[in-house]
Amino acid sequence: MREINPKDTTRAYAFQMWMQAPNPMVTFFKTLNVSPLIRVSRRKGLKFNMLMCYCIGRAAKQVKEFYMLPVGDKLMQFDNIAVNTIVANSAGEVSSCDLPFSDDLAQFNGDYLRLTKQVEKDCTDHDLSADSMVIGTSALAQYEIDGAVGMYSGVFNNPFMIWGKYKRGVFKATLSVSFQFHHTQMDGAHAAKFLDLLQREIDSIKA
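All letters in the sequence shown, in the order written, are residues 126 to 332 by my numbering.
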C-alpha cells in the first residue's frame with residue numbers, strides 16, 4: 126500500500142468531489158444466476174460461499190479502480206486484492222477473515238478452508254488491509270433478503286457485498302446481491318461493469 130497523488134490518476138475529479146461528502150457511498154443491487162456455482166459446488170464438494178468469493182476476486186481484478194482506495198484523507202494504491210468473509214466463531218459470535226486472492230481455484234480454496242478454520246477456532250480477525258485492497262462480503266445464507274444498504278462509518282471505505290439465501294426457480298437459481306462502494310474509488314459505470322463481470326465469471330466457473 127502506498128499513497129498516490131489523486132491528480133495523477135483518473136480519480137482526480139472524484140477525489141475532489143466526494144472525499145468530503147457526508148455520505149460518499151453508493152449501493153447497487155443485482156440479481157445473479159448462480160446455477161453454475163451450485164452445480165460445481167455439488168459436483169466437486171466445494172463451498173458455495175468460497176466459490177462466490179473466488180468469482181468476486183476474479184471480476185474485481187479486471188477493473189483497475191479496485192486497486193485504489195481512499196484511506197483517511199489520502200488515496201492509496203495497492204498491488205493486491207483480497208476478499209473478506211465473515212465467520213461464525215467458536216464463541217458464538219462472528220469474526221472477520223481476509224482471504225488473499227489467487228486465480229488458482231485450488232490455492233484460493235485451500236486458503237479459504239485454512240484461514241476460516243483458524244479464525245473460527247481462535248476467534249481472532251485475520252486482517253490483510255495493510256497489504257491488499259479488501260472487498261468485504263457478508264453472506265446471510267439462511268435468510269431470504271432482497272437487498273441491504275451498508276452503513277457508512279467514515280472509517281472503512283472498502284467496497285462491500287451482501288447476499289442472502291439463493292432462490293430456486295424452475296430453470297435456474299438466483300441470488301440477489303448488494304454492492305456498496307465509495308464514489309471516490311469508482312463511478313457507477315465501473316461498479317456496473319464489475320457486476321457484469323461477476324456474472325460472466327460465475328457462468329464460466331470450472332473446477
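Every residue gets a Cβ at the ideal spot worked out from N, C-alpha and C, and that includes glycine.
DSSP-derived helix/strand/coil call for residue i
i    : result
T241 : helix
F203 : coil
L176 : helix
A213 : strand
E326 : helix
F226 : coil
K246 : helix
K155 : strand
Boundaries of the alpha helix (DSSP H) in which residue i is found, first to last residue
i    : result
S160 : S160 to K169
Contacting residues, own chain, Cβ-Cβ under 7 Å from residue i (five flanking each side not counted)
i    : result
H307 : P149, M150, P195 and N282
K290 : A266, Q267, Y268 and E269
K318 : V188
I330 : P161, L162, V165, L176 and C180
Contact under 7 Å by Cβ, residue i with residue j
i    : j    : result
F226 : G182 : yes
F191 : A185 : yes
T241 : C222 : yes
F173 : L162 : yes
V244 : L224 : no
M175 : N234 : yes
M201 : M126 : yes
T152 : V274 : yes
Neighbourhood of residue i by C-beta distance below 6 Å, restricted to the same chain and skipping five residues each side
i    : result
G217 : none
K292 : T299
Bounding residues of the beta strand (DSSP E) (the contiguous stretch that carries residue i)
i    : result
R136 : Segment: none, R136 is in no beta strand (DSSP E) and carries neither H nor E.
P147 : Element bounds for P147: n/a, residue is neither H nor E.
M126 : No beta strand (DSSP E) contains M126, which DSSP labels as neither H nor E.
V196 : M193 to V196
Next item on the list: Within the segment 260-330, note down every full beta strand (DSSP E) run reaching 3 residues or more, in order along the chain.
Entry: 285-288 and 298-307
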